[in-house]
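Undergrad:
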Ligand code: SF4
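In my numbering, the protein residues as written are 1184 to 1562.
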């Protein structure tokens, strides 16, 4: 059989970071604030507090690997276009951003062999996917940061239907733009290119960022079929304070590392993030819960939330009784009248054909047909 050995083959061939850690041949990368750090502050705190990183499910390793292949494939296609792709994996630094960190600590070196830049304690350092220059504009060469993501169908569908915005990716992008502005102060445009790994559908967000007001604006969206996302309110949004959000998160993690505490879990254990997380055994394992017998005191907001739940339950119960009462009325009405159906302009009440002696009743809105929209009858 092949499927069961593929994770081993892949891990063997690329000597994955986690595999090397599991083999004891590599020390984990120490935690530091990076633009690519995810939204789970607890995961970052585990890393910062040197909890052991583990391979949770072998096949999940392959998902991470095939995301970078998707990026490489997309960039290969772009290389044959008038867009000039360059600066791939280039290091960026936002100097002095982490103002709460003691600046007298010694700097560390970036672990990426092609970079090896000295990172000072207050700096944010990361690596971009690349930059593209639109060479079709002969009078003016437009430079964009390009960030590529390959994601599953579930999240992609939420994005393309306008139900969710890729805010986490935007937080990453604005940090890269701030880093790039150290060399190119006028650079303020980025393209977020997202590929659906299930069906190779692409979705692009074109954004601009105003550093002074910390505001990102979505200018345009388009998918690989040439469609634009139809957002419920039809307006392109702006996001204010994304850099501040990133800084607040880094500071929160730093505080938890210092105090040897852990932030709350933001996800349920079945969530995609937890399923991929290398600290899942620590976070959700049996040792993670030491249940105290003494009850906690709920805050007034929590009490209101719980009360709301109880009110909804009571309402649902009352509605259940009312529903039963109304249906019973109509069933008897039709049976006594000896009819199967009754209707008004807007609703229809009908007995449901059934083999049991007491047929049930359905109540539904009546569909009205507009004659002018019906096709002509064939003569
Ligand atoms: S298991 Fe889930 S909640 Fe826990 S650290 Fe990982 S991602 Fe966060």
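Note that the Cβ used here is the ideal one computed from N, Cα and C, for glycine as well. As the structure is a computational prediction, the values presented were derived from the model and not from experiment.
Determine the contact status of residue 1379 and residue 1329, defining contact as a CB-CB distance below 8 Å.
TA: It is not a contact, given that the beta carbons lie outside the stated cut-off.
Undergrad: If you measure from the CB of residue 1298, is any heavy atom of the ligand SF4 nearer than 7 Å?
TA: Flag unset: Cβ of residue 1298 not near the ligand SF4.
Undergrad: So, residue 1375 versus residue 1352, is the Cβ gap smaller than 8 Å?
TA: Going by C-beta atoms, residue 1375 is nearer than 8 Å to residue 1352.
Undergrad: For the structure I just gave you, are there three or more beta carbon pairs, one from the region 1290-1303 and one from the region 1335-1345, closer than 8 Å?
TA: Cβ pair count under 8 Å is below three, so no.
Undergrad: If you follow the beta strand (DSSP E) that residue 1376 is in, where does it begin and where does it stop?
TA: It spans 1372-1379 - the beta strand (DSSP E) in which residue 1376 sits, taken as one unbroken run.
Undergrad: Within 10 angstroms of its Cβ, does residue 1230 collect 16 or more other Cβ (buried), or is it exposed?
TA: So residue 1230 counts as buried.
Undergrad: Per DSSP, residue 1310 is paired with what?
TA: DSSP output for residue 1310 lists 1274 as bridge partner(s).
Undergrad: What's the gap between the Cα of residue 1222 and the Cα of residue 1308?
TA: Distance between the alpha carbons of residue 1222 and residue 1308: 17 Å.
Undergrad: Whole-angstrom Cβ separation of residue 1327 and residue 1314, contact assumed at under 8 Å?
TA: The pair is a contact, with the Cβ atoms about 7 Å apart (cut-off 8 Å).
Undergrad: Answer with buried or exposed for residue 1549, where buried requires no fewer than 16 other C-beta atoms within 10 angstroms of its C-beta.
TA: Flag for residue 1549 reads exposed.
Undergrad: Using the Cα positions of residue 1390 and residue 1419, report the straight-line distance between them to the nearest angstrom.
TA: Roughly 10 Å separates the two Cα atoms.
Undergrad: Could you tell me whether the region 1362-1372 touches the region 1436-1444, using the rule of 3 or more Cβ pairs below 8 Å?
TA: At 8 Å Cβ cutoff, the stretches do not touch.
Undergrad: Let me confirm a value: residue 1290 is counted as buried when at least 16 other C-beta atoms fall within 10 Å, else exposed. Which label applies?
TA: With fewer than 16 other Cβ atoms within 10 Å, it is exposed.
Undergrad: With DSSP run on the structure shown, which of helix, strand or coil describes residue 1547?
TA: Three-state result, residue 1547: strand.
Undergrad: Which term fits residue 1495, buried or exposed, when burial requires 16 or more other beta carbons within 10 angstroms of its beta carbon?
TA: Label assigned to residue 1495: exposed.
Undergrad: Suppose only complete runs of 4+ residues qualify. What are the alpha helix (DSSP H) ranges in the region 1424-1473, listed by chain order?
TA: Runs of the alpha helix (DSSP H) inside the region 1424-1473: 1425-1442, 1455-1459, 1463-1467.
Undergrad: Can you give me the start and stop residues for the beta strand (DSSP E) that residue 1404 sits inside?
TA: Its beta strand (DSSP E) spans residues 1398-1406.
Undergrad: Apart from the five residues on each side of it in sequence, which residues of its chain come closer than 7 Å, Cβ to Cβ, to residue 1430?
TA: Cβ neighbours of residue 1430 beyond the five flanking positions: 1280.
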